[in-house]
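**Q**
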DNA sequence: CTAAAACCTCACGTAGACGTGAGGTGCAAG
DNA sequence: CTTGCACCTCACGTCTACGTGAGGTTTTAG
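Residue numbers (UniProt numbering), protein chains in the order written: chain Y, 1 to 114; chain R, 1 to 114.
(1) In angstroms, rounded to a whole number, what distance separates the CA positions of residue 21(R) and residue 28(R)?
(2) Check whether the Cβ atoms of residue 86(Y) and residue 100(R) lie closer than 8 Å to each other.
(3) If I measure Cβ to Cβ from residue 68(R) and keep anything under 6 Å in the same chain, skipping five residues before and after, which residues do I get?
(4) So the candidates are 34(Y), 49(Y), 43(Y); which of them puts its Cα closest to the Cα of residue 23(Y)?
(5) State yes or no: is the beta carbon of residue 64(Y) nearer than 8 Å to at least one beta carbon in chain R?
(6) Does the distance from the C-beta atom of residue 42(Y) to that of residue 26(Y) stay below 8 Å?
(7) Rounded to whole angstroms, how far is the Cβ of residue 14(R) from the Cβ of residue 3(R), which I believe are closer than 8 Å?
(8) In the DSSP assignment, the alpha helix (DSSP H) including residue 4(R) goes from what residue to what residue?
(9) Check the Cβ-Cβ distances between residue 41(Y) and every residue of chain R, and say whether any is below 8 Å.
(10) Hey, how far is the Cα of residue 112(Y) from the Cα of residue 82(R)?
(11) Less than 8 Å between CB atoms is the rule here; does residue 26(R) satisfy it with respect to chain Y?
(12) Cβ closer than 9 Å: which chain Y residues qualify as neighbours of residue 55(R)?
(13) Per DSSP, which one or two residues make a beta bridge with residue 30(Y)?
(14) To the nearest whole angstrom, what separates the beta carbons of residue 46(Y) and residue 53(Y), a pair I think is in contact under 8 Å?
(15) Buried or exposed: residue 55(Y), going by 16 or more other Cβ atoms within 10 Å of its Cβ?
(16) Among the residues of its own chain, which have a CB less than 7 Å from the CB of residue 30(R), if the five just before and after it don't count?
(17) Nearest to residue 89(Y) by CA position, among 32(Y), 51(Y), 16(Y), is which residue?
Take a look at the structure:
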């Protein structure tokens with residue numbers, strides 16, 4: 001598939017896909033004419049990338065983590081990083097939960113006032 | 001208190017505090033000589049600002065939400081926004097929870113392999 | 001009164017994930 | 001063979017929450 005269709009299917013922009021290649025996150029093949037050729041699973045990979053971005057990871061981390069999802073082998077470094085990022089996300093969830101509680105209080109207080 | 005002490009107590013930089021003033025999030029008084037004079041509760045307010053920033057809200061939203069935490073009155077607009085941001089944060093927590101599960105799987109798989 | 005902190009106001013620099021043309025090429029249709 | 005859309009490669013622009021001097025003033029310690 002070409003870049004336009006992947007963009008439509010995955011919901012990201014063409015520019016974003018080129019950026020992912022530049023960052024080494026999703027490197028497609030090339031047609032004889034030089035156009036990018038993506039395989040089917042590229043869409044899944046894009047979703048994974050977006051999910052990790054949404055968790056606050058920078059491209060470098062995503063580039064280091066994606067191989068762990070592809071292959072079934074992990075180096076010590078990768079395992080340490082997996083744990084670190086997992087812990088970071090846990091802390092992030094805890095903080096968001098606290099913020100949510102705070103906003104809930106405000107909403108409830110407003111509702112009680114009419 | 002002056003800006004340096006607030007910075008130390010709240011853990012943010014002096015520059016950040018000036019920025020908060022510029023954004024209308026935390027506007028201190030001024031000494032006769034023109035220096036910023038903060039009250040005690042400024043530290044709490046800084047923490048609230050940081051918490052909202054951490055939840056992904058931009059300055060504009062924070063500026064709109066902070067009054068809800070100060071006064072006990074809310075406009076319709078404020079209440080709608082409170083709900084909207086609350087829902088956004090809920091969704092964010094859900095997505096992070098999914099990401100966490102995914103990373104947990106990877107960590108567990110790596111652990112099982114030795 | 002003086003020196004040194006600590007503060008002040010511009011105002012440009014930064015990082016990250018793209019947006020947005022500019023100018024040129026590949027490819028399927030007619 | 002030519003239109004025309006989708007694609008290509010630079011390469012500068014954008015937005016946010018500050019970082020980082022430059023150059024000058026206020027406050028405090030001695």
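Ideal Cβ positions, reconstructed from N, Cα and C, are used throughout, including at glycine.
**A** Let's see:
(1) 7 Å
(2) In contact: residue 86(Y) and residue 100(R) (Cβ atoms closer than 8 Å).
(3) Hits under 6 Å: 74, 78.
(4) Minimum Cα-Cα distance from residue 23(Y) among the listed residues 34(Y), 49(Y), 43(Y) corresponds to 49(Y).
(5) Put simply, the CB of residue 64(Y) is far from chain R, with every gap to its CB atoms at 8 Å or more.
(6) yes
(7) For residue 14(R) against residue 3(R), the beta-carbon gap comes to about 5 Å, under 8 Å, which counts as contact.
(8) 3-10
(9) Not one chain R Cβ lies under 8 Å of residue 41(Y).
(10) 14 Å
(11) no
(12) What residue 55(R) touches in chain Y, judged by beta-carbon distance under 9 Å, is 95, 96, 99, 100, 103, going in chain order.
(13) 36(Y)
(14) About 10 Å; that fails the 8 Å criterion.
(15) buried
(16) 36, 37
(17) By alpha-carbon distance to residue 89(Y), the top candidate from 32(Y), 51(Y), 16(Y) is 51(Y).
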